[in-house]
Amino acid sequence: MTEFASLDAIATHLRERLEQKKYILLFAYNGTGKTRLSMAFKEQGKQPADANDGEATRDTLYFNAFTEDLFSWDNDLEGDAERVLHMNTDSRFFGGLQELEMENRIRPLLSRYADFDFFIDYEQGTVNFVREVVSGNSTETIEHIKVSRGEENIFIWCFFLAVAQLAVDEQEAYNWVKYLYIDDPISSLDDNNAIAVASHLAQLLKSGSGNIKTVLSSHHALFFNVLWNELNERGRNSPLQPLFLSSDKATGTHSIRYTNSTPFFHHIALLKQLHEAVETDQLYTYHFNILRSILEKTATFHGFPNFSACIKQDSDDEDGILYTRLVNVLSHGNYSLFEPREMLEENKQYFKKILYGFMENYRFNPELIPAPTQESSTS
110 MTEFASLDAI
120 ATHLRERLEQ
130 KKYILLFAYN
140 GTGKTRLSMA
150 FKEQGKQPAD
160 ANDGEATRDT
170 LYFNAFTEDL
180 FSWDNDLEGD
190 AERVLHMNTD
200 SRFFGGLQEL
210 EMENRIRPLL
220 SRYADFDFFI
230 DYEQGTVNFV
240 REVVSGNSTE
250 TIEHIKVSRG
260 EENIFIWCFF
270 LAVAQLAVDE
280 QEAYNWVKYL
290 YIDDPISSLD
300 DNNAIAVASH
310 LAQLLKSGSG
320 NIKTVLSSHH
330 ALFFNVLWNE
340 LNERGRNSPL
350 QPLFLSSDKA
360 TGTHSIRYTN
370 STPFFHHIAL
380 LKQLHEAVET
390 DQLYTYHFNI
400 LRSILEKTAT
410 FHGFPNFSAC
420 IKQDSDDEDG
430 ILYTRLVNVL
440 SHGNYSLFEP
450 REMLEENKQY
460 FKKILYGFME
470 NYRFNPELIP
480 APTQESSTS
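Heads up, the sequence shown is in our numbering, so the first residue is 110 and it goes up one at a time.
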């Protein structure tokens, strides 16, 4: 883990890492500073106006909450009929889009996720959303509809993707782009669309020549993991660098740690923690809470109504009643993570039996979670 005094320092570090890597994948919980970090990264790529041509330069095409703010609704409060989405055409994000036929670039992307169409008025800087509605035996086109917030977000995301594709394809209008910085593009999407967006984004990024480097940040664990699987290449020369960002609100500092050696999937990380607790004989009462959480999530995934179905049946407890009761009782204590109490020796044996019976029933990668040593499994 590496600590940094400011987000500017982390932005500098990310730029240095991108000299060796093609992608940086950053996980951080909400409130940690992801959006502020994306702006710090963007600001470091800006150069003041040159005395010769008088124009400032930049190197980062970014997507974050500020990108979404470039679009705003005019709900036509007087007529309540012609609702349009305004584009802030003062931003260079929209420069030269009419010549690039953006509608034809956005529509194939939008059709993956939505059932409405749109038309752009470049002179007015507005977007008119339309939808086909079946009425009897005919179909009617309804114009100026107000799409939902989720549909609006996915339209803006597809708009950005179309622009990003131009940059990846090294179109002249976007030859200034050296970096893409994409922060939390799926805040309003369900898991199915999160997977689809992550997979599609990965394919877009891999389609380029490799001259553009990318930072992707998210608080969405599924989105993070899909991108990791899509962009990672096994071996020491993987183009992907996965990171975990955290902050200390008391000191105002931030830290990042590399996640290559630690499995990111939450249940895998927890299982690894429980395995290490058994191996080191540092089993505390709260470990039963963690074990119960894993059993419940596994039962839900496999379609069982109760976590008891995931407890291995034994000759002395064929219905798993004893061990189920033990987990119920021992996981409902008022246990503190800050003042941990070690398990009684008898409970340690029960814990090991349930944990390793579970791991025997449900196969996990032995490189991540090795088989128990004979001493720990029989002690």
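Every residue gets a Cβ at the ideal spot worked out from N, C-alpha and C, and that includes glycine.
Bear in mind that the values here come from a model prediction, so they are computed numbers and not experimental data.
Query	Result
Excluding the 5 residues flanking Leu116 on each side, which residues of the same chain have their C-beta closer than 7 Å to its C-beta?	Gly142, Arg145, Leu146, Ala149, His363
Under the three-state reduction of DSSP, which class applies to His411: helix, strand or coil?	coil
With a floor of 3 residues, list each beta strand (DSSP E) that falls wholly inside the region 282-334, ordered by position along the chain.	288-292, 322-327
Quick one: Cα of Pro479 to Cα of Thr389, how far?	14 Å
In the DSSP assignment, the beta strand (DSSP E) including His122 goes from what residue to what residue?	Counting along the chain, His122 falls outside any beta strand (DSSP E), though it belongs to the alpha helix (DSSP H) covering 116-126.
In this structure, how does DSSP classify Tyr432 when only helix, strand and coil are distinguished?	helix
List the endpoints of the continuous alpha helix (DSSP H) containing Ile215.	211-219
From what residue to what residue does the beta strand (DSSP E) around Phe467 run?	Where Phe467 is concerned, there is no enclosing beta strand (DSSP E), although the alpha helix (DSSP H) it sits in stretches over 454-470.
Under the three-state reduction of DSSP, which class applies to Phe268: helix, strand or coil?	helix
Considering only DSSP beta bridges, list what Tyr393 is partnered with.	Glu451
Which residues in the same chain have their Cβ closer than 6 Å to the Cβ of Trp266, if we skip the five residues on either side of it in sequence?	Pro294
Taking the alpha-carbon positions, what's the Ile119 to Phe113 distance?	6 Å
Can you look up Tyr444 in the DSSP assignment and give me helix, strand or coil?	Its pLDDT being 46, under 50, Tyr444 is placed unreliably in this model, and the value from its coordinates should be taken loosely. Here Tyr444 sits in coil by DSSP.
Could you tell me whether the Cβ of Glu388 comes closer than 8 Å to any Cβ of chain D?	This model lacks chain D altogether, as it is built from one protein chain only.
I need the straight-line Cα distance from Val272 to Ser356, nearest angstrom please.	32 Å
Is DSSP giving Ile365 helix, strand or coil here?	strand
Would you identify the three-state DSSP class for Arg145, choosing helix, strand or coil?	helix
Select from Gln156, Phe269, Ala330 the residue whose C-alpha is nearest the C-alpha of Tyr138.	Ala330
Report the CB separation of Ser318 from Asp292 in whole angstroms; it is logged as a contact under 8 Å.	That belief does not hold up - the Cβ atoms of Ser318 and Asp292 are roughly 24 Å apart, past 8 Å.
With DSSP run on the structure shown, which of helix, strand or coil describes Gln156?	strand
What is the residue span of the alpha helix (DSSP H) that Phe473 lies within?	Counting along the chain, Phe473 falls outside any alpha helix (DSSP H), and DSSP gives it neither H nor E.
Taking only the alpha-carbon atoms, compute the straight-line gap between Phe238 and Leu439 and give it to the nearest angstrom.	56 Å
Could you check whether the region 252-265 touches the region 171-182, counting it as contact only if at least three pairs of C-beta atoms, one from each stretch, sit closer than 8 Å?	yes
Suppose contacts are defined by Cβ-Cβ distances below 8 Å. Is Leu380 in contact with Ile403 by that definition?	yes
DSSP three-state call for Phe228: helix, strand or coil?	strand
Within this structure, are the beta carbons of Ala165 and Gln156 separated by less than 8 Å?	yes
So if DSSP puts Leu349 in a beta bridge, which residue, or which two residues, is it bridged to?	Tyr132
How many angstroms separate the CA atom of Thr176 from the CA atom of Leu270?	12 Å
CA-CA distance, Leu354 and Tyr171?	19 Å
Name the residue from Trp337, Ser200, Leu392, His384 whose alpha carbon lies nearest to the alpha carbon of Tyr367.	Trp337
State the DSSP-derived secondary structure class of Val236, mapped to helix, strand or coil.	strand
Could you tell me the boundaries of the beta strand (DSSP E) in which Tyr249 lies?	Reading off the sequence shown, one finds Glu at residue 249, where the question assumed Tyr. Here the beta strand (DSSP E) through Glu249 covers 247-251.
Under a Cβ-count criterion, where at least 16 other Cβ atoms within 10 Å of its own Cβ denotes burial, should His411 be classed as buried or exposed?	exposed
Following the continuous alpha helix (DSSP H) through Thr111, name the residue where it begins and the one where it ends.	Not the alpha helix (DSSP H): Thr111 falls in the beta strand (DSSP E), residues 111-113.
Which value, in whole angstroms, describes the spacing of the CA atoms of Gly466 and Arg450?	24 Å
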